[in-house]
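Right, one structure below, let's go through it.
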Amino acid sequence: MTTAALPELWSDWCAVARVPEDRIDDASLQAFALQSGPSKAVLDRLRRAAAPAGESSAATAWPTIHSRDPSSLRRLLARGDVLVRDRGTDWQLRLRLRRMLFVAVLIAPASHGGLGLTRSEIRQLRPEDVQRLRPRIGVAEDPASCPACAVWSWLEVIGTNSGWSRTGLRSLAHRRDDQMAGHRHELPDPSPDWLTCVGVLPAIDRWGWMDPYSSLHPSSMSVVVRAIDALLDGPGPMPTPEPEPRAPVREFTDAEREEVYARADELTARVAAILVEYEQRS
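Position 140, counted from 1, in the sequence shown is what this note's numbering calls 147; the numbers after and before it change by one each time, with no gaps.
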């Protein structure tokens with residue numbers, strides 16, 4: 008049996024019927040279906056959870072052409088990290104990139120360092136499920152291509168969106184991660200409010216607004232998956248060149264400063280003399 012997140016309805020029924028949650032057999036499923044009236048999606052999810060490791064009744068959304076390449080997830084995360092750090096990336100796109108990298112970890116096969124979840128499982132994912140599944144997420148030597156770090160970054164985003172203001176989220180989205188050294192996932196969660204979110208994949212509108220009570224639409228999920236495929240198949244992104252450093256500002260020497268002060272005093276004295284002369288003639 009896999010350790011995928013189990014439906015809450017099943018957990019509640021098990022508690023009432025005094026059936027161990029991990030005993031997903033035909034008899035238990037038949038009694039569960041008769042007494043609780045679950046949807047077909049819930050029953051399918053339980054059957055997948057009961058399937059032996061490596062046998063899944065539904066394929067993940069990970070691009071098929073890269074399913075046999077264990078390095079593909081790390082390559083995708085590294086390319087996405089280049090875009091996140093790019094000074095030419097606007098903050099709304101940076102939010103979407105972080106979400107895309109999080110989805111990539113969810114759908115990538117376990118052999119790649121991901122969780123191998125299906126689209127149906129992802130739509131039903133809740134914060135407590137992610138917390139339970141986090142130990143299964145792979146780790147890479149390079150933080151830029153580390154699946155656990157990509158998950159950490161997205162949880163920071165939804166935690167900030169849940170517990171802070173829109174201004175705080177925008178400030179976070181402007182950050183390019185270049186101030187952080189080492190693995191982010193080794194740090195405590197900076198925004199534990201993500202555990203109080205309704206879901207883990209909120210929709211993001213064109214202005215960067217994240218609605219904590221709406222989830223990513225299935226059609227939008229398809230767009231995210233196509234973006235993953237395009238980033239993997241296309242050429243590696245080239246970061247925007249950093250601007251040329253400004254020429255250093257010339258500083259006055261003490262002698263030059265004294266000369267300027269002397270000329271200013273001379274000019275002040277001349278103006279004062281003119282004013283006195285004007286008053287005398289008046």
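Quick reminder that beta carbons are idealized off the backbone N, C-alpha and C, glycines included.
Residue i at chain C interface by Cβ criterion, 7 Å
i, result
"Ile72", "Any reference to chain C falls outside this structure, which holds one protein chain only."
Top-ranked residue by Cα proximity to residue i, from the options
i, options, result
"Leu194", "Met217, Leu162 and Trp214", "Leu162"
"Ala157", "Leu124, Leu83 and Phe259", "Leu83"
"Pro199", "Arg139, Ser79 and Gly166", "Gly166"
"Ser222", "Gly215, Gly175, Arg130 and Leu176", "Arg130"
"Ile144", "Ser178, Pro246, Ala276 and Phe109", "Phe109"
"Glu148", "Ala279, Ser18 and His192", "His192"
"Gln138", "Arg55, Val207, Gly215 and Val256", "Val207"
"Leu176", "Glu258, Val232 and Trp98", "Trp98"
Contact check, residue i vs residue j, beta carbons under 7 Å
i, j, result
"Lys228", "Arg106", "According to the sequence as given, residue 228 is Met; it is not Lys. Taking 7 Å as the Cβ cut-off, Met228 and Arg106 do not qualify as a contacting pair."
"Gly121", "Leu104", "no"
"Pro219", "Ser169", "yes"
"Glu15", "Cys21", "no"
"Ala180", "Arg101", "yes"
"His190", "Pro154", "no"
"Ile211", "Ala111", "no"
"Leu50", "Ile31", "no"
"Val26", "Ser18", "no"
Secondary structure of residue i, DSSP reduced to three states
i, result
"Glu15", "helix"
"Ile129", "helix"
"Ala279", "helix"
"Asp218", "strand"
"Pro209", "strand"
"Ser79", "helix"
"Ala56", "helix"
"Gly147", "In the sequence as presented, Gly is not what sits at residue 147; that position holds Ala. Of the three classes helix, strand and coil, the one that applies to Ala147 here is coil, per DSSP."
"Cys204", "coil"
"Trp161", "helix"
"Thr174", "helix"
"Val231", "helix"
"Thr260", "coil"
"Leu302", "Outside the displayed span of the chain (8 to 289) sits residue 302, for which this structure offers no information."
"Thr167", "helix"
"Ser64", "Summary for Ser64: the model assigns pLDDT 43, below 50, so the residue's position carries little reliability; its value from the coordinates is reported in the next sentence. Three-state DSSP puts Ser64 in coil, outside helix and strand."
Residue i burial status per 10 Å Cβ neighbour count (16 or more: buried)
i, result
"Asp272", "exposed"
"Leu13", "buried"
"Gly61", "Model confidence at Gly61 stands at a pLDDT of 46, short of 50, so the residue's coordinates are unreliable; what they give is reported in the following sentence. The residue in question, Gly61, is exposed, as its Cβ has fewer than 16 Cβ neighbours within 10 Å."
"Ser64", "Confidence in Ser64 is poor, its pLDDT being 43 and thus under 50, which makes the residue's placement too unreliable to answer from."
"Met245", "exposed"
"His119", "buried"
"Leu80", "buried"
"Ser172", "exposed"
"Met8", "Low local confidence applies: a pLDDT of 44 at Met8 is under 50, so the model's placement there is unreliable, with the coordinate-based value given in what follows. It counts as exposed."
"Val231", "buried"
Is the number of C-beta pairs between the segment 197-215 and the segment 126-135 that are closer than 8 Å three or more?
Between the segment 197-215 and the segment 126-135 there are three or more inter-stretch CB-CB distances shorter than 8 Å, so the stretches are counted as touching.
Does the segment 237-248 come within contact of the segment 64-82, defined as at least 3 CB pairs closer than 8 Å?
Touching, yes, given that three or more Cβ pairs across the two stretches are closer than 8 Å.
Taking contact to mean at least 3 C-beta pairs separated by less than 8 Å, is the segment 110-117 in contact with the segment 262-279?
Not touching, per the Cβ criterion.
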